[in-house]
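485 is the number of the first residue of the sequence shown in the numbering used here; add one for each residue after it. Just so it is clear, CB atoms sit at the ideal spot from N, CA and C, and this is done for glycine as well. Nothing here was measured: the structure is a model prediction, and the numbers come from that model. Read through the structure below, which is laid out as structure tokens, and then see the notes.
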Amino acid sequence: MVDIHDRRPVALTAKLAREWLYPATPEERAEQMASLQGEPTEAFEWFKIDRAIGNVRNQSPDLILPAEEAPAGDELF
Numbered sequence: 485m486v487d488i489h490d491r492r493p494v495a496l497t498a499k500l501a502r503e504w505l506y507p508a509t510p511e512e513r514a515e516q517m518a519s520l521q522g523e524p525t526e527a528f529e530w531f532k533i534d535r536a537i538g539n540v541r542n543q544s545p546d547l548i549l550p551a552e553e554a555p556a557g558d559e560l561f
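Next up, the structure:
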């Protein structure tokens with residue numbers, strides 16, 4: 485995911501997320517999960533989105549559609 489976000493977000497499985505959040509999880513284990521056990525890019529379904537998504541003033545219900553499914557010619561702002 486580093487090609488999308490430069491701070492390398494980590495997506496964990498539900499089981500690993502629970503372990504990550506457990507207060508007694510050692511720091512070394514948390515680091516291992518973040519660096520070695522995050523979900524791979526292939527585990528996600530990717531969609532191109534409209535630039536309007538990045539503006540909190542935009543409230544159109546069309547914003548939840550992938551860009552290629554948004555109604556043609558409709559203003560999303």
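Minimum C-alpha distance to residue i - residue among the options
{"i": "Trp530", "options": "Ala551, Arg502, Trp504, Pro507", "result": "Ala551"}
{"i": "Ala514", "options": "Arg502, Ile548, Ala527", "result": "Arg502"}
{"i": "Asp534", "options": "Glu526, Ala527, Leu547, Phe528", "result": "Leu547"}
8 Å Cβ shell around residue i - same chain, five flanking residues per side excluded
{"i": "Gly557", "result": "Low local confidence applies: a pLDDT of 49 at Gly557 is under 50, so the model's placement there is unreliable, with the coordinate-based value given in what follows. Within the same chain, Gly557 has no close Cβ partners at all."}
Cβ neighbours of residue i in the same chain (closer than 6 Å, five flanking residues each side left out)
{"i": "Glu523", "result": "Ala495"}
{"i": "Lys532", "result": "Ala551"}
Cut-off 7 Å between Cβ atoms - residues of its own chain near residue i, not counting five sequence neighbours on either side
{"i": "Leu500", "result": "Met517, Gln521"}
{"i": "Trp504", "result": "Leu496, Ala514, Met517"}
The stretch 531 to 546 touching the stretch 505 to 519, judged by at least three CB pairs closer than 8 Å: No, the stretch 531 to 546 does not touch the stretch 505 to 519.
Please confirm if the stretch 519 to 528 is in contact with the stretch 540 to 549, defined as three or more CB-CB distances below 8 Å between the two stretches. Counting Cβ pairs under 8 Å, fewer than three are found: no touch.
Unbroken stretches of the alpha helix (DSSP H), 4 residues or longer, contained in the stretch 492 to 534: Taken in chain order, the complete alpha helix (DSSP H) segments of 4 residues or longer contained in the stretch 492 to 534 are 498 to 505, 511 to 520.
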